[in-house]
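Student: Chains as they are written, first to last, in the numbering used here: chain A, 4 to 223; chain B, -12 to 576. Where a beta carbon is used, it is the ideal one built from N, C-alpha and C, also for glycine. In this text, all values refer to a predicted model and were calculated from it rather than measured experimentally.
(1) Report yes or no: is there a C-beta of chain A within less than 8 Å of the C-beta of residue 64 of chain B?
(2) Can you tell which of B/306, B/183, B/469, B/165 has the C-alpha that lies nearest to the C-alpha of residue 330 of chain B?
(3) State the Cα-Cα distance for the pair residue 321 of chain B and residue 257 of chain B, rounded to the nearest angstrom.
(4) Which residues in chain E sit within 7 Å of residue 250 of chain B, going by Cβ to Cβ distance?
(5) How long is the line joining the alpha carbons of residue 32 of chain A and residue 289 of chain B, rounded to whole angstroms?
(6) Between residue 201 of chain B and chain A, is any beta-carbon pair separated by less than 8 Å?
(7) At the level of alpha carbons, what is the spacing between residue 46 of chain A and residue 537 of chain B?
(8) Look at the alpha carbon of residue 280 of chain B and the alpha carbon of residue 23 of chain A, and state the distance between them as a whole number of angstroms.
(9) Check whether the region 365 to 373 of chain B touches the region 401 to 415 of chain B, taking contact to mean three or more Cβ pairs, one atom from each stretch, closer than 8 Å.
(10) For a cutoff of 8 Å on Cβ pairs, would you count residue 64 of chain A as touching chain B?
(11) Could you tell me if residue 54 of chain B is buried or exposed, where buried requires 16 or more neighbouring beta carbons within 10 angstroms of its beta carbon?
(12) Should residue 510 of chain B go down as buried or exposed, given a rule of 16 or more other Cβ atoms within 10 Å for buried?
(13) Does the region 182 to 192 of chain B touch the region 159 to 170 of chain B, meaning 3 or more C-beta pairs lie closer than 8 Å?
(14) Under three-state DSSP, which class holds residue 522 of chain B?
(15) If you measure from the beta carbon of residue 186 of chain A to each beta carbon in chain B, is any gap under 8 Å?
(16) Could you tell me which of A/62, A/75, A/146, A/136 sits nearest to residue 97 of chain A, measuring between CA atoms?
(17) Is it right to say residue 184 of chain B is buried, meaning 16 or more other beta carbons lie within 10 angstroms of its own, or is it exposed?
(18) Measure the alpha-carbon distance for residue 26 of chain B versus residue 556 of chain B and round it to whole angstroms.
(19) Work out the CA separation of residue 134 of chain A and residue 3 of chain A for me, nearest whole Å.
(20) Taking only three categories from DSSP, how would you classify residue 543 of chain B?
(21) Quick check on this structure: which residue in B/43, B/95, B/15 has the alpha carbon closest to the alpha carbon of residue 535 of chain B?
(22) Please list the partners that residue 289 of chain B has in chain A, where partner means a Cβ-to-Cβ separation under 8 Å.
(23) Is there a C-beta anywhere in chain A that falls below 8 Å from the one on residue 167 of chain B?
(24) By the three-class DSSP mapping on this structure, what secondary structure does residue 7 of chain B have?
(25) Would you report the Cα separation of residue 561 of chain B and residue 516 of chain B, rounded to the nearest angstrom?
(26) By how many angstroms is the C-alpha of residue 147 of chain B removed from the C-alpha of residue 76 of chain A?
(27) Given this structure, state the Cα-to-Cα distance separating residue 190 of chain A from residue 181 of chain A, to the nearest angstrom.
(28) Please state the DSSP three-state secondary structure of residue 308 of chain B.
(29) Can you have a look at residue 333 of chain B and say buried or exposed, based on whether 16 or more other CB atoms are within 10 angstroms of its CB?
(30) Could one say the Cβ of residue 11 of chain A lies closer than 8 Å to chain B's Cβ atoms, at least one of them?
(31) Would you say the region 291 to 306 of chain B touches the region 236 to 253 of chain B, given that touching needs at least three Cβ pairs under 8 Å?
(32) Reducing DSSP to helix, strand and coil, say where residue 229 of chain B ends up.
(33) Where does residue 554 of chain B fall in DSSP's three states?
(34) Please report how far the alpha carbon of residue 362 of chain B lies from the alpha carbon of residue 15 of chain A, in whole angstroms.
(35) Under 8 Å, Cβ to Cβ, is there at least one residue of chain A near residue 297 of chain B?
(36) Between residue 40 of chain B and residue 472 of chain B, which are expected to be in contact by the criterion C-beta below 8 Å, what is the C-beta distance as a whole number of angstroms?
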């Protein structure tokens, strides 16, 4: 449980530290003009960013806890390390590329070069779908090689981790699809820009998660 | 300065006034309607869980007298009672119900930041409830694994509901977590981003603080339940071996290899212990506001109260293994968890002292909400003290799995939060419905519930000391137990049935007053918090009419020396404070 505990402790410490900072040296019982208190307003009035950050904390907690379970289960006698299909390297490269293209799209969107948004979005979509198809192919290869989910706990964890990671990506694809449809339908470009910004953060996060998962599975 | 005045970004939140009955009351995106939907659903399943507990008590008090209770469905009653009460009633009611209603109103916002997601949260919650209740009707019935769902027994032949009940239970939990996450993201973001001008974090009422920190605990702790739920589903459905050890069932190999049931316990309690505080922290917050309002005194030590909530929230993540002292853990491990467990008593005791000191020399109005709030202080101290026994490894070992534990957690996280739920419903009833409840009925409800629950749980401590084990369908011939234990059990059952029937008073009051209660004053308690200062009562969609309120002070300006009224609402500017003899002009009544 150490991994889960450390990750959670770090997140809680930073949040609660921030909250405590807000509360020190305050005299809540003294009435004042509303405007005087404005400097204490949190962040920068971007609710979607705050919500995304909060969700990333939830997802981090989720993955950290699975990894805790992984490390505890690994120590038991029946664990046989699984050989990961080589295809995963290709998939990883594709996911890295998707993240890079999203960053590129975001940078152009921020600089007001709206013409780059559509091709950028399409390309990331194709790359990300490519990653998901690649993961499914990897599952198929494993199945063909007789490496079923029940063959060994390490297999079970492989299917579980890749499956859950894939589901998170699918969730991101929903937001991506909305932004893409909106950008092609001539919708509000500011909203599209905001979606692209948030998606970029989410894609980087899922790339990071994947690298951690992949690294862990390779090394054990 | 990159700061955008919060009032100016109001347009970012879309507000279409709902027109039809369907959009207004069914597919509503209004936080107040969603709160009521959450509340009614949660209380509905809560009543089912209450009936289940009455059935359990019938068997325990009068063994073998009822043909419709056999060992199988006794365990199903135990399991469903526990799970419903903890998750589908208390968590949903405090966060989905009170969180939804109070956060936007108390923070001075028009609605939650993401109203659509808020609506979705409720409907997904309803789905989880339907899946849960469906498990009563599938072949084999609902699961009887105990609310902790420990493997291996939870998914092995011999446990009731092993075919479909356990699957529906796990699926329902997963769906519930999805619903909670959608709601939780809303609560956190609304508190952080949509407070009205001048509402600093340290001017927020403690109710919001409690709900806010509890939501954060929930967001970080529910993933542990999600992980264990998914892994157990896989163990059950596709026969993986995350938790299932190599084991033979009914003489045949069950097809699992060396999984670890202890791993499940760790994951479950990593969620399970913060869950206690997910329920307790909103109760702490609400009770602070009730005591302060009805004692006409500022809460004692506001900042300490906030820090205590934060400290309890943090500590609640490092005490989980005190639920596992009998799992054969390393003694040093047990020592560590006993220490952290006892440390939690410090901020908790601090809160109790502050509640009592708030009452000290207050102008106490013993209205119904105040009675429930003071009742909570009693039951919470009581349940907290027995927690000190159980937190110590050496005392826990003999008491483990006895009725002492049952008495402890029912006092501390059953009766106590439920008293707060009642107090809060009575307190905000005039705001939610615009009508007053019947005071006399409310007082009867309080005294019968309060004394009744004490009659149930106080004797249980003695049963526990006598060694009566929990979860047993029948005791059989056991020499160490005196015959009087059975007499006590019969008494407890009578008290439990009495309390269960007493709740009819509550429903009669709430439903009757809805139609026939007298019209409520917009601020009947002379309270300072923003929800009592709305232009309409009950507040309309958008809460504040044309202009958002501005907050100029904390929520506890009661009996400020030198002022005519014994309260100054949060939206009264400092310069407008009415000196003695002058009425300040926010609320003409």
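Tutor: If we stick to the structure as given:
(1) So, not an interface residue.
(2) B/306
(3) 15 Å
(4) The question asks about chain E, but that chain is absent: this structure's protein chains are A and B.
(5) 9 Å
(6) Under the Cβ distance rule, residue 201 of chain B does not count among the residues neighbouring chain A, no pair being separated by less than 8 Å.
(7) Confidence at residue 46 of chain A is low in this model, with a pLDDT of 46, below 50, so its placement is unreliable and no value can be given for it.
(8) Roughly 26 Å between the two C-alpha positions.
(9) Yes: at least three Cβ pairs fall under 8 Å.
(10) yes
(11) exposed
(12) buried
(13) no
(14) coil
(15) no
(16) Minimum Cα distance to residue 97 of chain A is reached at A/136.
(17) buried
(18) When the Cα atoms are used, residue 26 of chain B and residue 556 of chain B turn out to be separated by approximately 27 Å.
(19) Nothing can be reported for residue 3 of chain A, as the shown portion of chain A is limited to 4 through 223.
(20) coil
(21) Relative to residue 535 of chain B, the option among B/43, B/95, B/15 whose CA is nearest is B/95.
(22) 31, 32
(23) no
(24) Residue 7 of chain B: coil per DSSP, three-state reduction.
(25) Here the alpha carbons of residue 516 of chain B and residue 561 of chain B stand approximately 15 Å from one another.
(26) Each residue's Cα considered, the two are about 28 Å apart.
(27) Rounded to whole angstroms, residue 190 of chain A to residue 181 of chain A spans 11 Å at the Cα level.
(28) helix
(29) exposed
(30) yes
(31) no
(32) coil
(33) strand
(34) Cα to Cα, residue 362 of chain B sits roughly 33 Å from residue 15 of chain A.
(35) yes
(36) That pair is no contact at about 20 Å.
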